[in-house]
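Counting from 4, one number per residue, gives the positions in the sequence shown under our numbering.
Glycine residues also receive a C-beta, built at the ideal position from the N, C-alpha and C atoms.
None of the values given here were measured: they were computed from a predicted structure.
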Amino acid sequence: MAKVHKVKDDYWVFDCPGCGSLHSIQTPPWTFNGDLENPTVSPSILVFGSKSHPRCHSFVKDGMIQFLDDCSHELKGQTVEIPDWTSMKEVLNR
């Protein structure tokens, strides 16, 4: 099942289990291997999000998110699978 959702030709999103928000990538400047089930993105993704989770910093490789130690959420320092994509409406209505 797909883990990344194509918004438009060069713009992709995925659901982050660490901070609970959508993370987006645009190509360029990021590179994306085009694999919706096992995505790899480069370079790292740094998101400044909500008050409860102000910083989320990660690498995405082969469908896994490696959360770096500078994250402000409970998954910092861990590597987890990207959740399967459901729908934009479902993600935004959480």
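Excluding its 5 nearest sequence neighbours in each direction, K64 has C-beta neighbours in its own chain below 7 Å: T43, listed in chain order. Excluding residues up to 5 positions away in sequence, G21, C59, H60, S61, H76, L78, K79, G80, Q81, T82 and V83 lie with their Cβ nearer than 8 Å to the Cβ of F70 in the same chain. Nearest C-alpha to N36 among I85, S90, G66 and C74: G66. In this structure, DSSP gives H26 an extended state, which the three-state scheme calls strand.
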